[in-house]
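For the record, the sequence lines run as chains P and A. For the first sequence, full-length UniProt numbering gives the first residue as 1, with consecutive numbering after it. For the second sequence, full-length UniProt numbering gives the first residue as 1, with consecutive numbering after it. Backbone N, C-alpha and C define an ideal beta-carbon position, used for all residues, glycine too. Since we're looking at a predicted model, the values are computed, not measured. Below is one structure, written out as structure tokens; comments come after it.
2 protein chains.
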Amino acid sequence: MPFLQHLLAQLSPKKAFHRQGHGVLLSYLLRWVFISLLVGGVSGSASALFLVLLEFVTQYRETHAWVLYLLPVAGFLIGAAYQYGGKGSEGGNNLLLQTIQKPSLARIPFVMAPLVMLATVLTHLVGGSAGREGTAVQMGGSLADQLTPWLKLRPRDRQVLLICGVSGGFASVFGTPLAGAVFGLEVFLIGQLRYHALLPSFLTACFAHWVTLSWGVGHTVYPEVVPPAFTVLSLGATLLAGICFGVVARGFAGASHAVAAIFKTTIAYRPLRPAIGGVLLLLVLWALGTTNYVGLGIPTIVASFETPLPGYDFALKLFLTALTLGCGFKGGEVTPLFFIGATLGNALFPWLPLPLEMLAALGFVAVFAGAANTPLACTFMAVELFGSGCGMYAGLACVVAYLFSGHKGIYGGQVVGSSKHLLWGRDTGKALEEL
Amino acid sequence: MPFLQHLLAQLSPKKAFHRQGHGVLLSYLLRWVFISLLVGGVSGSASALFLVLLEFVTQYRETHAWVLYLLPVAGFLIGAAYQYGGKGSEGGNNLLLQTIQKPSLARIPFVMAPLVMLATVLTHLVGGSAGREGTAVQMGGSLADQLTPWLKLRPRDRQVLLICGVSGGFASVFGTPLAGAVFGLEVFLIGQLRYHALLPSFLTACFAHWVTLSWGVGHTVYPEVVPPAFTVLSLGATLLAGICFGVVARGFAGASHAVAAIFKTTIAYRPLRPAIGGVLLLLVLWALGTTNYVGLGIPTIVASFETPLPGYDFALKLFLTALTLGCGFKGGEVTPLFFIGATLGNALFPWLPLPLEMLAALGFVAVFAGAANTPLACTFMAVELFGSGCGMYAGLACVVAYLFSGHKGIYGGQVVGSSKHLLWGRDTGKALEEL
């Protein structure tokens, strides 16, 4: 009886392997729950402390405008701290990405975590235009890597651990666990997403987010975006907006690298770069006569969902952020990218048949998607911040921006896993900074 | 002046390449907007017609119970139609996945589209337990592939076209464009996601969804799931539930293949398999004395969000679906997987500290994630169907279910791109049906 034979085959010892499989998977799950709890605990706590400090210095700056005059001094302090106490941690995000790609490299210095936190807080105190994600990601990665010798991890597992650090830092600093989990998986390779760190990355992102919330630290709440009627016009407008976001993302990446290159070639003594950059920033701010573009710029981001703003806002923020980070101040690029994107979306409002808040939301995530080359993480972020109604529009805008930013990006250590277009096929396997 | 040199370098002819790049990208975008409109138009229209027919036959069956007696006759008709008019299209989803992996294979027969639609409608009319996505995906893939010679596509672009067909079919039949877009990218390889079809897939999914809506065809609306308080208990419960969902997903895949193998080895004449299967189904339904488990089962799925149901519902649906599809009736696996997952989640309610609707929602997406090996598409689906509040929990459950279903799944043509666990490292590069 073939039927009975088949039934018996299902129960045979050969199938025991699969029963065994469940035990192996369970121990794998428990192991990574344990490690993710550790990484989530440290990165979530670091993010919580960081967010509290940021809030404090931002309020202080807004009520004590004179601190802007400290820009050159703060710049010098930051430059000197990295020069004499950095132990190689000025590589920042790129050092992290390189180590994820080659997990046999040396340990990420512990000092990266406190140094980048203090430098970023100082940058925000004196009115540099910078963000948070770079700081959170570097804290997460550096703190996670200190567990490597303690947990006796092999290179393969160390790679997963570092991805967890990135995911945890990102998830907890923005309050977006899904975006954080996918960002960690997506950021080190362009054009590919591998699943070997899927479970650890999701676990750490959730735990880190939970830890930050448990410390009583909240996140900016953005309006729920109501999607417009689904027509040829709204779809076409989303694609056009996506092109603009991608081109500006590329422009931001280019400007940041250009400013950094100019400072590097013209000023040999490193601590002097952010000091002179600080003087320039001060002059520009004095000429502009406004502090709209300093710090994180959350009030302007929120305003861009509600009311038309000057069309040049995005360009000024782009320039000031490129100057701040290019000369050596510290902080992330992502919140400025949110600012640039949201105000650019706002500026497109007279030209495109989409609601103002939808354009601001699309710009918010899509400029970031183009500049960081992480379209899926940014689509998740749109859904987590603005509700699921805008998901499809955000997905389209992010994917188009990702394509139109080309092989450019804010992370020079990112490697082209698979080229975005056949035109650039020969870039495959190279890091962005080599191109 | 290095500064001026740098500025001039930015404007040099070498940079013209990048300016040129924008033109290439624009023509690439326009080309795929055009192709995606075509594929979205045909797959979205096919899904609309299919959904209307399904609605009609479901209502007819519910008011005319005697049609269940036609199960054996309908089975024979379907078997005979595939035997004598199938032109190789009985390969179904697997043929599609194999062609995506090897785009030099022969054209997908056009007859696959009408055949699978009629066979599925007939299956649902007489009370088989089946779904929709297989049908929609096969219609999308087959119709898309008819464009290959007309558009003179090379194998690489044909691969992208077929992915578009899958995305469009999936997106339009469930009304979930993001899940559809990512499903098309995720389904043919386990453990990897490549971005070469990112833009076309997103475009087609959106267009197809839009076309189905434009035909006036709607989708089932599920309740917005309110997330529970974020505690150790709720996170731990999500992980435990995810394990259950993964194990049941693996069980479903195993049962389907086992039933198919039994029919294949015991009955040589193919049209007789669904005929005899129909007799068996009729006997089982008569013994059960209920029609709760026939057809799509949408009312039970909706009920599982609201009220506790019998704990054995998921097992009976699993058995009946494996019998229906294993013997040769047509239809997808996904709606039954929604049913199995939602009722399993419902059955876990007395044991796990999560709200009923959250458990049903997690099961809905996570059993599917485990059985189809598409955790990211299912996370997007959760957000699109149940709102962004449940996103993080759904992500965790899907990822755990994906791990615990092992290298098993409902699509035998799926290839292991990168193994889920080192334990199964040697499976890499093999199709699931070879394992």
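Contact set between residue i and chain A, taken where Cβ atoms lie within less than 8 Å
| i | result |
| --- | --- |
| residue 396(P) | 202, 203, 206 |
| residue 24(P) | 421, 423 |
Amino acids of chain P, ordered along the chain, whose beta-carbon sits closer than 7 Å to that of residue i
| i | result |
| --- | --- |
| residue 384(A) | 388, 391 |
| residue 21(A) | 406, 423 |
Nearest residue (CA-CA) to residue i, options the options
| i | options | result |
| --- | --- | --- |
| residue 67(P) | 326(P), 122(P), 48(P) | 122(P) |
| residue 419(A) | 191(A), 106(A), 42(A) | 191(A) |
| residue 222(P) | 383(P), 317(P), 372(P) | 383(P) |
| residue 160(A) | 185(A), 173(A), 174(A) | 185(A) |
| residue 25(A) | 416(P), 403(P), 407(P) | 403(P) |
| residue 281(A) | 172(A), 307(A), 318(A), 245(A) | 318(A) |
| residue 350(P) | 43(P), 197(P), 308(P), 94(P) | 308(P) |
| residue 423(A) | 412(A), 322(A), 406(A), 415(A) | 406(A) |
| residue 202(A) | 277(P), 396(P), 332(P) | 396(P) |
| residue 346(A) | 212(A), 306(A), 198(A) | 306(A) |
| residue 45(P) | 266(P), 165(P), 292(P), 341(P) | 165(P) |
| residue 313(A) | 297(A), 426(A), 326(A) | 297(A) |
| residue 224(A) | 377(A), 381(A), 248(A) | 381(A) |
| residue 352(P) | 237(P), 37(P), 293(P), 301(P) | 237(P) |
| residue 217(A) | 385(A), 416(A), 50(A) | 50(A) |
| residue 169(A) | 39(A), 248(A), 148(A) | 39(A) |
| residue 205(A) | 178(A), 226(A), 230(A), 214(A) | 178(A) |
| residue 100(A) | 77(A), 142(A), 113(A), 371(A) | 142(A) |
| residue 253(P) | 239(P), 132(P), 372(P) | 372(P) |
| residue 209(A) | 263(A), 365(A), 174(A), 32(A) | 174(A) |
| residue 126(P) | 37(P), 62(P), 79(P), 95(P) | 62(P) |
| residue 91(A) | 137(A), 53(A), 131(A), 54(A) | 137(A) |
| residue 432(P) | 106(P), 377(P), 131(P), 98(P) | 98(P) |
| residue 96(P) | 42(P), 151(P), 399(P), 189(P) | 189(P) |
Listed by chain order, chain A residues near residue i by CB distance under 7 Å
| i | result |
| --- | --- |
| residue 305(P) | Chain A residues near residue 305(P): none, gap ~17 Å exceeds 7 Å. |
| residue 155(P) | Near residue 155(P) there are no residues of chain A at all, since even the closest Cβ is about 13 Å away, more than 7 Å. |
| residue 135(P) | Result: empty, since nearest Cβ-Cβ is about 23 Å, beyond 7 Å. |
Local Cβ density within 10 Å of residue i, reported as buried at 16 or more and exposed below that
| i | result |
| --- | --- |
| residue 155(A) | exposed |
| residue 59(P) | exposed |
| residue 163(P) | buried |
| residue 16(A) | Caution is warranted here: a pLDDT of 48 is assigned to residue 16(A), below 50, making its placement in the model unreliable, and the coordinate value is therefore given only provisionally. Exposed, because fewer than 16 other Cβ atoms sit within 10 Å of the Cβ of residue 16(A). |
| residue 250(P) | buried |
| residue 299(A) | exposed |
| residue 244(A) | buried |
| residue 64(P) | exposed |
| residue 129(P) | buried |
| residue 27(P) | exposed |
| residue 434(A) | exposed |
| residue 330(P) | buried |
| residue 87(A) | exposed |
| residue 393(A) | buried |
| residue 375(P) | buried |
| residue 343(A) | buried |
Chain A contact residues for residue i, given Cβ-Cβ distances below 9 Å
| i | result |
| --- | --- |
| residue 191(P) | 194, 195, 196, 198 |
| residue 290(P) | Correct list: empty, because the minimum Cβ distance to chain A is about 26 Å. |
Partners in chain P for residue i, counting only beta-carbon separations shorter than 8 Å
| i | result |
| --- | --- |
| residue 418(A) | 194, 195, 196 |
| residue 312(A) | Simply none; closest approach about 21 Å. |
| residue 374(A) | The premise fails here: residue 374(A) is roughly 11 Å from chain P at the closest Cβ pair, so nothing lies under 8 Å. |
| residue 235(A) | 206, 207, 210 |
| residue 28(A) | 403, 421 |
Contacts of residue i in chain P (Cβ-Cβ under 9 Å)
| i | result |
| --- | --- |
| residue 428(A) | In chain order: nothing, as chain P lies at least about 11 Å away. |
Alpha helix (DSSP H) runs contained entirely in the stretch 375-424 of chain A, provided each spans 4 or more residues: 375-386, 391-404
Every unbroken alpha helix (DSSP H) within the stretch 126-187 of chain P, with a cutoff of 4 residues, ordered by chain: 133-145, 147-151, 155-174, 177-186
Length-filtered (3 minimum) beta strand (DSSP E) runs lying within the stretch 189-229 of chain P: 192-194
Complete runs of the beta strand (DSSP E) confined to the stretch 274-318 of chain P [at least 3 residues]: none
Contact residues within the stretch 212-229 of chain P, judged by C-beta distance below 8 Å to chain A: 213
Residues in the stretch 164-187 of chain P having any Cβ partner in chain A nearer than 7 Å: 177, 178, 181
The stretch 249-282 of chain P: positions lying closer than 9 Å to chain A by Cβ: 250, 254, 258, 261, 262, 265, 266
Chain A contacts made by the stretch 70-104 of chain P, where a contact means CB separation under 9 Å: none
Residues, ordered as in the chain, of the stretch 350-372 of chain A that lie near chain P by beta-carbon distance below 7 Å: none
Near-chain A residues of the stretch 395-415 of chain P - C-beta to any C-beta below 8 Å: 395, 396, 399, 400, 402, 403, 404, 406
Secondary structure, alpha helix (DSSP H): runs of 4+ residues fully inside the stretch 75-130 of chain P: 92-101, 112-125
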